[in-house]
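Heads up, the sequence shown is in the numbering used here, so the first residue is 307 and it goes up one at a time. Report on the structure given below.
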Amino acid sequence: MSERPFRVLGVQQIAIGGPDRAALGHLWIDLFGLTPKGTYRSERENVDELIAMCGDVAIDLMQPIDPEKKPRVDVPPLNHVGLWVDDLRAAVAWLEAQGLVFAPGGIRRGAAGHDVTFVHPKSACGVLVELVQAPEGLGGTRLAESLPESSPDSP
Numbered sequence: 307m308s309e310r311p312f313r314v315l316g317v318q319q320i321a322i323g324g325p326d327r328a329a330l331g332h333l334w335i336d337l338f339g340l341t342p343k344g345t346y347r348s349e350r351e352n353v354d355e356l357i358a359m360c361g362d363v364a365i366d367l368m369q370p371i372d373p374e375k376k377p378r379v380d381v382p383p384l385n386h387v388g389l390w391v392d393d394l395r396a397a398v399a400w401l402e403a404q405g406l407v408f409a410p411g412g413i414r415r416g417a418a419g420h421d422v423t424f425v426h427p428k429s430a431c432g433v434l435v436e437l438v439q440a441p442e443g444l445g446g447t448r449l450a451e452s453l454p455e456s457s458p459d460s461p
């Protein structure tokens with residue numbers, strides 16, 4: 307195995323899905339006291355989410371827009387874990403060379419405005435893992451090229 311050309315810098319987010327975003331918000335914000343940060347909606351990704359903060363880690367509370375369509379962001383309830391990486395493109399190239407498979411969609415702008423991609427659960431012991439390009443201030447050594455500003459639902 308060749309030397310890994312990137313570093314994982316920390317947890318960026320934990321995404322939790324359920325059939326009712328309001329119920330998730332009540333539990334995590336009203337009862338547990340997390341701080342609401344914003345919302346994100348994407349028809350293409352079938353997600354309507356409320357973003358809350360727990361310290362520096364985002365907790366994404368997600369429900370599917372249409373529970374009959376895929377992806378089902380509420381199954382399993384712990385949807386994915388996001389990891390900050392210092393060089394997203396190097397991470398993808400190296401991990402693919404090691405045999406990992408990535409979910410469709412490639413590198414794209416995520417809900418928090420950072421470039422992201424997902425390791426397919428079949429390659430990650432059943433867990434969907436989001437790799438997130440860390441900004442320079444967090445230890446990112448090379449920022450991914452800027453993606454064009456567009457709606458998450460544009461082709």
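For each residue, glycine too, the CB sits at the ideal point set by N, CA and C.
Beta-bridge partners of P472, as assigned by DSSP: The question about residue 472 has no answer, for the chain in this structure spans 307 to 461.
Status (buried if at least 16 other CB within 10 Å, exposed otherwise) for R327: Around the beta carbon of R327, 16 or more other beta carbons sit within 10 angstroms, so the residue counts as buried.
Three-way DSSP call (helix, strand, coil) for I335 in this model: The three-state reading of DSSP puts I335 in helix, counting H, G and I together.
Start-to-end residues for the alpha helix (DSSP H) that takes in L406: Element bounds for L406: n/a, residue is neither H nor E.
Option nearest G361 by Cα separation, candidates E351, R347, M368, F338: Selected option, being the one with the closest Cα: F338.
Residue span of the beta strand (DSSP E) that contains A440, given as start and end: Run containing A440: none; DSSP gives neither H nor E here.
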